[in-house]
Amino acid sequence: DVKVTQSSRYLVKRTGEKVFLECVQDMDHENMFWYRQDPGLGLRLIYFSYDVKMKEKGDIPEGYSVSREKKERFSLILESASTNQTSMYLCASVSTETSLWNEQFFGPGTRLTVL
Amino acid sequence: GNSVTQMEGPVTLSEEAFLTINCTYTATGYPSLFWYVQYPGEGLQLLLKATKADDKGSNKGFEATYRKETTSFHLEKGSVQVSDSAVYFCALNQGAQKLVFGQGTRLTINP
Chain V
75 DVKVTQSSRY LVKRTGEKVF LECVQDMDHE NMFWYRQDPG LGLRLIYFSY DVKMKEKGDI
135 PEGYSVSREK KERFSLILES ASTNQTSMYL CASVSTETSL WNEQFFGPGT RLTVL
Chain L
593 GNSVTQMEGP VTLSEEAFLT INCTYTATGY PSLFWYVQYP GEGLQLLLKA TKADDKGSNK
653 GFEATYRKET TSFHLEKGSV QVSDSAVYFC ALNQGAQKLV FGQGTRLTIN P
């Protein structure tokens, strides 16, 4: 069964802290994504990765960075957390196989609160 | 740029009512269109999709038809259940497997 897991469901951090959000998928997918979800704004793409060590900026990359050292793991890093980064963070992955084209599989999300 | 607009929520219905959630899009070319659903406490999961004009996606009693002439992909269900309570997201593919999402519509079904 397809599975995307995220390291924490709930996280509380202080302003200025460095924050790591981890995502692991067990489907051998090439592509992985990080979104943030805010009420009234839907999901917005922060970063995505096509392969190990490959990354590209999404629509709202400011204040974030990512790391993909292994195919199954994609990390989102908040270098210096700020209160406006309080949000739900969702990780997703997708295969490049034609039959599964475009179905993104999502993790359960991490609700991050920055105080 | 590409964008997706959904009807404002929240939407509250009684069990067995007819459901429509409107979705319109702006895009260059001919994107694939999707409806994702997020049940309480969970991530998003694909509900249905359509990849070209006049395609109808369907799943779990839900349907949506890709209307190129009206740039719409409205979600419908003939008789909703309490278990359909969730947040529904319309999305389009803007290439390279990247999705653009609407703002989401929260649906509550009362018994």
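Which chain is which? The protein sequence lines are V and L, in order. Just remember that this note's numbering sits 74 ahead of the position in the first sequence, which is counted from 1. Just remember that this note's numbering sits 592 ahead of the position in the second sequence, which is counted from 1. The C-beta atom is built at its ideal place from N, Cα and C for all residues, glycine as well.
Next on the checklist: Please classify proline 602/L as buried or exposed, where buried requires at least 16 other C-beta atoms within 10 Å of its C-beta.
Outcome noted: exposed
Item to check | Within chain L, the residues that glycine 183/V reaches when beta carbons sit closer than 7 Å | outcome: Gly635
Checklist entry - When the Cα of tyrosine 109/V is compared with those of Glu143/V, Ser139/V, Ser154/V, which residue comes out closest? => result Ser139/V
Checklist entry - Rounded C-beta distance between asparagine 614/L and glutamine 598/L? I'm assuming under 8 Å. => result 7 Å
Item to check | Rounded Cβ spacing between methionine 106/V and arginine 142/V (contact assumed at less than 8 Å) | outcome: 7 Å
Item to check | Rounded C-alpha distance that separates glycine 137/V from threonine 160/V | outcome: 12 Å
Item to check | Contacts of glycine 696/L in chain V (Cβ-Cβ under 7 Å) | outcome: Gly116
Checklist entry - In chain V, what lies closer than 7 Å to leucine 638/L by C-beta? => result Glu177
Item to check | Rounded separation between leucine 119/V and threonine 662/L - CA only | outcome: 26 Å
Item to check | 8 Å contact criterion, which serine 624/L and alanine 642/L should meet: CB distance rounded | outcome: 7 Å
Checklist entry - Who are the neighbours of phenylalanine 94/V on chain L, taking C-beta pairs under 9 Å? => result What phenylalanine 94/V touches in chain L: nothing, since even the nearest Cβ is about 19 Å away.
Checklist entry - Rounded to whole angstroms, how far is the Cβ of leucine 95/V from the Cβ of threonine 187/V, which I believe are closer than 8 Å? => result Not a contact, Cβ separation roughly 13 Å.
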